[in-house]
């Protein structure tokens with residue numbers, strides 16, 4: 009049987025920590041003290057750190073980078089408050105030069121840093137309590153690829169070395185690239201292998217939510233790195249029935265659970281009676297100039313200020329690159345919302361799994377229980393969507409074959425030619 013394509017079997021937190029420590033011990037050339045800059049160092053000189061990150065990302069993507077990375081003053085305030093945590097990595101001379109720039113509080117105008125970077129954002133507004141997001145990632149480091157630095161950062165999150173990160177977030181969501189490389193665009197084959205085989209994040213579907221290099225959407229993967237995978241496994245094992253309006257979407261969601269945790273979840277397909285008045289909230293990009301290259305999200309919320317229909321209408325009036333909707337899967341009444349989304353051209357692209365876990369707020373530990381949520385997406389029609397490099401492969405496991413069949417049948421969204 010061939011090795012898994014999308015996700016290696018879960019080995020628990022202890023198994024993953026042991027794997028990461030063993031792998032890093034075989035990379036003695038990577039010295040975190042000499043080859044990384046921490047979020048604490050970035051926060052101490054936040055504006056210079058934001059400017060450095062912007063330069064690295066523009067260098068990585070040949071000047072074509074479009075997510076929220078350019079409003080230096082606003083973003084620097086978020087870095088100072090640790091609502092954004094920025095890491096850098098690279099060869100020791102380049103890291104030393106960055107530390108000099110951070111100490112001076114400004115960057116040399118002609119410096120094009122040969123560095124890598126990644127950021128963790130607070131993502132609770134979109135995904136719920138205790139969720140962070142790994143994003144703003146790119147590298148032009150001449151001495152190090154992304155593997156060792158990403159493994160080192162992941163280990164710190166899991167083993168408690170990065171205490172503030174571990175206390176604040178039980179899960180880090182991420183959307184790594186997986187598109188095929190071309191002559192002009194570096195693809196995601198290498199980063200896909202890092203996440204499947206080295207970092208071993210859990211696979212939960214796809215996220216066509218951002219305009220990428222070349223002015224296209226990419227069907228990036230939706231993944232999670234969990235502080236303790238048992239938090240998810242336990243919640244899946246005791247979950248109520250998941251309700252769906254569409255059989256293929258139910259099979260897709262069930263396959264995701266088998267791929268990530270080898271768990272069978274109870275599902276039901278079909279109408280469940282009259283729908284109640286569903287309330288919602290709308291999350292949009294922080295400024296109008298970011299709308300066209302980023303997504304907006306409608307989330308069902310019993311305390312939300314908008315009806316579901318009104319929230320969708322407002323989202324339709326925006327020019328976001330992808331309209332996204334979050335629907336709880338264990339609420340039978342929410343099946344009506346799924347039907348409305350299908351009528352409007354949305355497709356189930358990912359699942360946010362449930363957790364039974366904890367976070368620390370103001371020094372106090374709080375229990376957190378989150379429910380399974382389906383994530384429906386509808387790309388803007390004028391944008392081509394680039395599918396993963398592995399779309400036409402035939403993996404060994406039945407669950408992975410189910411996901412790739414769904415990908416080909418439901419999620420191609422009209423692939424571009426020659427991109």
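Residue numbers (our numbering): 9 to 427. For glycine and all other residues, C-beta sits at the position ideal for the given N, C-alpha and C.
Query, Result
"I need the boundaries of the alpha helix (DSSP H) containing residue 43, first residue and last residue.", "40–43"
"Quick check on DSSP: helix, strand or coil for residue 375?", "strand"
"Thinking C-beta only, is residue 303 closer than 8 Å to residue 332?", "yes"
"Using the C-alpha atoms, what's the distance from residue 211 back to residue 238?", "15 Å"
"Going by the beta-carbon positions, is the gap between residue 123 and residue 98 smaller than 8 Å?", "yes"
"Is DSSP giving residue 407 helix, strand or coil here?", "helix"
"Please classify residue 400 as buried or exposed, where buried requires at least 16 other C-beta atoms within 10 Å of its C-beta.", "exposed"
"Could you check which residue in 218, 70, 18 and 384 has the C-alpha nearest to that of residue 347?", "384"
"Would you kindly work out how many angstroms separate the C-alpha atoms of residue 299 and residue 419, rounded to a whole number?", "22 Å"
"May I ask you to report which of helix, strand or coil DSSP gives residue 7?", "Only positions 9 to 427 of the chain appear in this structure, which leaves residue 7 out of reach."
"Which whole runs of the beta strand (DSSP E) in the segment 236–310 are 3 residues long or more, in chain order?", "250–252, 275–277, 287–291 and 303–308"
"Nearest-angstrom Cα distance between residue 421 and residue 109?", "44 Å"
"Which runs of the alpha helix (DSSP H) fall wholly inside the segment 96–152 and span at least 4 residues, in chain order?", "100–112 and 132–135"
"Do residue 235 and residue 172 come within 8 Å of each other at the CB atom, strictly closer than that value?", "no"
"Quick one, which of 175, 246 and 414 has its alpha-carbon nearest residue 370's?", "175"
"So, is residue 362 buried or exposed, given that buried needs 16 or more other C-beta atoms within 10 angstroms?", "buried"
"Quick one: is residue 35 buried, meaning 16 or more other Cβ sit within 10 Å of its Cβ, or exposed?", "exposed"
"Taking the beta strand (DSSP E) that residue 366 belongs to, which residues open and close that run?", "363–369"
"DSSP has residue 334 in a bridge; who is on the other side?", "307 and 383"
"Could you tell me the distance, in whole angstroms, from the CA atom of residue 409 to the CA atom of residue 402?", "7 Å"
"At what residues does the beta strand (DSSP E) containing residue 215 begin and finish?", "210–215"
"Count the other C-beta atoms from every protein chain shown that fall within 10 angstroms of the C-beta of residue 285, then say buried if there are 16 or more, exposed otherwise.", "exposed"
"Would you grab the beta carbon distance between residue 96 and residue 140 for me? Rounded to a whole angstrom, and I think it's under 8 Å.", "18 Å between Cβ atoms; not a contact."
"Is the beta carbon of residue 45 closer than 8 Å to that of residue 93?", "no"
"Taking DSSP's pairing of strands, which residues face residue 180 in a bridge?", "140 and 233"
"Does the distance from the C-beta atom of residue 287 to that of residue 312 stay below 8 Å?", "yes"
"Work out the CA separation of residue 272 and residue 266 for me, nearest whole Å.", "6 Å"
"Report yes if the CB atom of residue 184 is closer than 8 Å to the CB atom of residue 228, and no otherwise.", "yes"
"Taking the alpha carbon of residue 159 as the point to measure from, which residue in 33, 253 and 112 has its own alpha carbon closest?", "33"
"Under DSSP, the alpha helix (DSSP H) around residue 170 begins and ends at which residues?", "Segment: none, residue 170 is in no alpha helix (DSSP H) and carries neither H nor E."
"Leaving out five residues before and five after residue 323 in sequence, what residues of the same chain have Cβ atoms less than 6 Å from its Cβ?", "304, 306 and 331"
"Kindly say whether residue 79, judged by its beta-carbon, lies nearer than 8 Å to any beta-carbon of chain C.", "Chain labels in this structure do not include chain C; a single protein chain is all it has."
"Spatial neighbours of residue 378 within its chain, please: CB distance less than 6 Å, with the 5 preceding and 5 following residues excluded, ordered by chain position.", "136, 362 and 363"
"For the candidate residues 149, 107, 201 and 162, whose alpha-carbon lies nearest to that of residue 14?", "201"
"Can you name, in chain order, every residue of its own chain whose Cβ lies under 6 Å from the Cβ of residue 16, other than the five neighbours on each side?", "208"
"Per DSSP, residue 220 is paired with what?", "224"
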